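Asker: The numbering of the sequence shown is this note's numbering, which starts it at 74 and goes up by one.
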Amino acid sequence: MGIEVKKAKTTEIKKIKELVDETVAANVQLTDMTEEMYKNNLKSGILIVAYKDKELIGVCFGSLNKEYGWASLYGLIVKPEYRKEGVGGMLIKEFEKEANEKGAKTIDSYATKLQVSLFSNLEYQKIEEYSSFRKTLE
74 MGIEVKKAKT TEIKKIKELV DETVAANVQL TDMTEEMYKN NLKSGILIVA YKDKELIGVC
134 FGSLNKEYGW ASLYGLIVKP EYRKEGVGGM LIKEFEKEAN EKGAKTIDSY ATKLQVSLFS
194 NLEYQKIEEY SSFRKTLE
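#1: Can you tell which of E77, I180, A123 has the C-alpha that lies nearest to the C-alpha of I146?
#2: Tell me the start and end of each unbroken beta strand (DSSP E) in the region 161 to 208 that is at least 3 residues and wholly inside, in chain order.
#3: With a threshold of 8 Å on Cβ separation, who are the neighbours of T83 within its own chain once the five nearest residues in sequence on each side are excluded?
#4: Pull up the DSSP beta-bridge partners for A144, would you.
#5: Helix, strand or coil, according to DSSP, for V97 in the structure here?
#6: What's the gap between the Cα of E174 and the Cα of V93?
#7: The alpha helix (DSSP H) that contains E109, what's its start and end?
#8: Between which two residues does the beta strand (DSSP E) containing K79 stretch?
#9: Let me know if V78 comes out buried or exposed under the rule of 16 or more other beta-carbons within 10 Å of its beta-carbon.
#10: Given this structure, state the Cα-to-Cα distance separating P153 from L164, to the nearest angstrom.
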């Protein structure tokens, strides 16, 4: 069976959070990635999921600013065993379709070193290079 990519449903939020929690790098602040955040993405942003044989294998999410016509893709997670199989590209293309249907004219995203070639292959232009910093406050 192939890979199915679609807009997420409210009933999938718990599974989405579990996938993100078990897959993302240790440097991500998981306390910010709450079920409520995903519900808000579904309500006023964009939340896309990928399944293979009824198993959730990827998620892509971001915000949408209808007033100014732009979207921000800030989460792309694919289970490690499904990487390099086109799942990330499929998720991004569905994100683009949803953003376009909701009035976005541009999409901005930050990419990890592992994702740079994926975004380049999908015709995203690099506009700036950034370093990421974090300080934990007590």
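Beta carbons are placed, not taken as given, at the ideal position from N, Cα and C, and that holds for glycine. Every value quoted in this text rests on a predicted model; they were computed, and no experiment measured them.
Answerer: Working from what's here:
#1: As a working mapping, residue 146 is identified with position 73 in the sequence shown. The sequence shown places Leu at residue 146, rather than the Ile named in the question. Closest by alpha carbon: I180.
#2: 179 to 182
#3: Within the sequence shown, residue 83 is the residue found at index 10, counting from 1. Counting only Cβ-Cβ distances below 8 Å, and skipping sequence neighbours, we find K112, L115.
#4: Here the question's residue 144 lines up with position 71 in the sequence shown. Per DSSP, L137, I180.
#5: One-based indexing of the sequence shown puts residue 97 at position 24. If DSSP states are grouped into helix, strand and coil, V97 belongs with coil.
#6: To locate residue 174, count along the sequence shown from 1; it is residue 101. To locate residue 93, count along the sequence shown from 1; it is residue 20. E174 and V93: Cα-Cα distance of roughly 26 Å.
#7: The count along the sequence shown starts at 1 and reaches residue 109 at position 36. Run containing E109: 108 to 117, per the alpha helix (DSSP H) assignment.
#8: As a first step, residue 79 must be located in the sequence shown, where it is residue number 6. Unbroken beta strand (DSSP E) run through K79: 76 to 80.
#9: Within the sequence shown, the letter at position 5 stands for residue 78. When all chains shown are included, V78 counts as buried.
#10: Counting from 1 along the sequence shown, the entry for residue 153 is found at position 80. Counting from 1 along the sequence shown, the entry for residue 164 is found at position 91. Those two C-alpha atoms are separated by around 15 Å.
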